[in-house]
Amino acid sequence: MGKYSWSGIPEKFKWCATDASGLKTFFVNKPSMDDRYCEWFTRDEDYHVYIGGGSYTGHWEHSLEERPKLN
């Protein structure tokens, strides 16, 4: 089982991460970690912030997950 629920998340989003403040964000492309601001980012404009339950509860630096592949 993964770190996040991908149910209902559009297929174009392939990555998810939670920043230090607990904000969960889904990304089209793999994001980079910004230690200075304790968050994840991409240069893409096509990302989606999802605010809701089930956020990752571990340390934010270990929150990045690639969307699970379906068999």
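Convert by adding 1 to the 1-based position in the sequence shown; the result is the number in the numbering used here.
Ideal placement from N, C-alpha and C gives every residue a C-beta, glycine not left out.
The continuous beta strand (DSSP E) containing Trp-41 extends over residues 40-42. Between the C-alpha atoms of Gly-3 and Glu-46 there is a straight-line separation of about 26 Å.
In this structure, His-60 is the residue among Lys-31, Lys-70, Gly-9, His-60 with its C-alpha nearest to the C-alpha of Leu-24. The three-state secondary structure of His-63, taken from DSSP, is helix. With 16 or more other CB atoms across the displayed protein chains lying within 10 angstroms of its CB, Asp-20 is buried.
Phe-27: member of the beta strand (DSSP E) spanning 25-28, first to last residue.
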